[in-house]
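Everything on this sheet refers to the single structure shown next.
Protein chains: 2
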Amino acid sequence: MSLPHAILTALLEKPSSGLELARRFDKSIGYFWSATHQQIYRELGKLEQDGLIRALPAGAPARGQKKEYEVLPAGRDALTAWVSGSDAPRPVRDPLLLRLRAAAVVGTGGLEEELRRHLDLHRSQLAEYRAIEERDFPPERDGEEDRLRHAVLRGGIGLETFWTEWLAETLTALGERNEEKERKRRQ
Amino acid sequence: MSLPHAILTALLEKPSSGLELARRFDKSIGYFWSATHQQIYRELGKLEQDGLIRALPAGAPARGQKKEYEVLPAGRDALTAWVSGSDAPRPVRDPLLLRLRAAAVVGTGGLEEELRRHLDLHRSQLAEYRAIEERDFPPERDGEEDRLRHAVLRGGIGLETFWTEWLAETLTALGERNEEKERKRRQ
DNA sequence: GTCACCATGTAAATAGTTACATGATTTG
DNA sequence: CAAATCATGTAACTATTTACATGGTGAC
Chain A
12 MSLPHAILTA LLEKPSSGLE LARRFDKSIG YFWSATHQQI YRELGKLEQD
62 GLIRALPAGA PARGQKKEYE VLPAGRDALT AWVSGSDAPR PVRDPLLLRL
112 RAAAVVGTGG LEEELRRHLD LHRSQLAEYR AIEERDFPPE RDGEEDRLRH
162 AVLRGGIGLE TFWTEWLAET LTALGERNEE KERKRRQ
Chain B
12 MSLPHAILTA LLEKPSSGLE LARRFDKSIG YFWSATHQQI YRELGKLEQD
62 GLIRALPAGA PARGQKKEYE VLPAGRDALT AWVSGSDAPR PVRDPLLLRL
112 RAAAVVGTGG LEEELRRHLD LHRSQLAEYR AIEERDFPPE RDGEEDRLRH
162 AVLRGGIGLE TFWTEWLAET LTALGERNEE KERKRRQ
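Sequence order for the protein chains is A and B. Here this note's numbering is used: the first residue of the first sequence is 12, the next is one more, and so on. Here this note's numbering is used: the first residue of the second sequence is 12, the next is one more, and so on.
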């Protein structure tokens, strides 16, 4: 139920074609709700059928032709209604935590390397978010209307901060564990 | 690809029936990889077919009868191999962030209430994790073999801490926004 | 013996991923 | 015009969720 509303939000900010949406998802909304271009095309078709969006009139609507969509009033209403809906909080569902837990039972294989790889990735994601924050939300110029967008970005920053700290901590703990093993092996 | 390995891990810790697994998922592994009993039954069937687990011999294997499974050597090997595998880090994919982002475009409906509800839920989840930590990982008694399990739990604690802080912060920001609106309205 | 609950399962729908097909436009 | 890239789309598969079906066991 989330993808169509993600698309409506993106289209309200700026009418776009399917591929443009896919690219913008990579840059902003996709940070917390990713989608492939196939998902997006399928969903655009459904939204058009349901009368929530429409294709902007263009020359010939053919296969290789760009097709731009805009949100209709019904679409805006649907999004407004959805905003006050409710979900259960999502549990994390991260395979890395699962691998760690499995490692507690069958032993850590090349897991440390994977943790370091993730640490690097999360660090650069964090740097990217901070750059966006500096660019789009400079201190003392945070207008009322942007506070929600800023809150979402702070969510991303908080999450990446958590991951980098946790990964660094966990790598340290693993390192100590290996040192203990080494000591035992040498005795 | 994660669910079968979650099940193998749980079964290695203790041979169980499908429903027992479903219940144990609710309490430990399910905190970061949830699954319904239907998913678990189906996956148990596949794992048995693939020769990674087997049903413990019991009286009559009938419909309403409990059926316990244990992991075979091939299953342990498969899990060991999987531990050193690799995934891309999961982006968050949380509808709440999406609603917030949508609210930046069509206005915040009853969203504040939803944020408060989530804050409560995350607070009690955090309290639960901390209770588990005190019970299972008392200071100075943290054996080498439990360090990985403790790391996973600290992951949960870190995430819940992030959410409670972010939600509290965001509610404050929303409150200020509303006060501004109030002031404007009164002028 | 019936009601509540334990236990296993089937079926159908929705969501998401991966691989590939096809036409249009731009660039050398 | 050939190659690269833009753009839309189909198909098949895997994963997840939701609703329901069926039998077994123990408490009253």
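Built from N, CA and C at the ideal position, the CB exists for glycine as well. Only a predicted model underlies this, so the values are computations on that prediction, with no experimental measurement involved.
query	result
is_contact[M32 (chain B), chain A] using C-beta, thresh 9 Å	Note that residue 32 (chain B) corresponds to Leu in the displayed sequence, not to Met. By this cut-off, L32 (chain B) is not an interface position.
Which listed residue (A:Y42, A:V103, A:G186) has its alpha carbon closest to that of Y42 (chain B)	A:V103
Inside the stretch 71 to 137 of chain B only - beta strand (DSSP E) runs reaching at least 3 residues	79 to 82
Short Cβ contact (9 Å threshold) for L164 (chain B) with E144 (chain B)	yes
Within chain B, the residues that L170 (chain A) reaches when beta carbons sit closer than 7 Å	V103, F173
Sub-9 Å separation of V94 (chain B) and A184 (chain A) beta-carbons	no
Within 8 Å of chain B by C-beta, residues of the stretch 37 to 71 of chain A in sequence order	I40, G41, Y42, F43, W44, S45
A46 (chain B) (DSSP reduced to helix, strand or coil)	coil
Where the stretch 14 to 33 of chain A meets chain B: residues whose CB sits under 8 Å from a CB there	H16, A17, L19, T20, L23, E24
Residues near A179 (chain B) in its chain [Cβ-Cβ closer than 8 Å; skip 5 each side]	L130
Straight-line Cα distance separating E123 (chain B) from G186 (chain B)	9 Å
9 Å Cβ cutoff met for A162 (chain A) and W177 (chain B)	yes
Where the beta strand (DSSP E) through I40 (chain A) begins and ends	Counting along the chain, I40 (chain A) falls outside any beta strand (DSSP E), and DSSP gives it neither H nor E.
Under 7 Å from the C-beta of D98 (chain A): neighbouring residues of chain B	P106, L107
Contact with chain B by R110 (chain A), beta-carbon distance below 9 Å	yes
Status (buried if at least 16 other CB within 10 Å, exposed otherwise) for T47 (chain A)	exposed
Separation of A66 (chain B) from L108 (chain B), as counted between CA atoms	43 Å
Opening and closing residue of the alpha helix (DSSP H) in which L63 (chain A) lies	Run containing L63 (chain A): none; DSSP gives neither H nor E here.
Interface partners of L137 (chain B) on chain A, CB under 7 Å	Going along chain A, no residue has its Cβ under 7 Å from L137 (chain B), so there is no contact; the nearest lies around 12 Å.
Endpoints, alpha helix (DSSP H) assigned at E24 (chain B)	14 to 24
Residues of the stretch 120 to 149 of chain B with Cβ closer than 9 Å to any Cβ of chain A, in chain order	G120, G121, L122, E124, E125, R128, H129, L132, H133, Q136
CB contact below 9 Å: L83 (chain A) versus chain B	no
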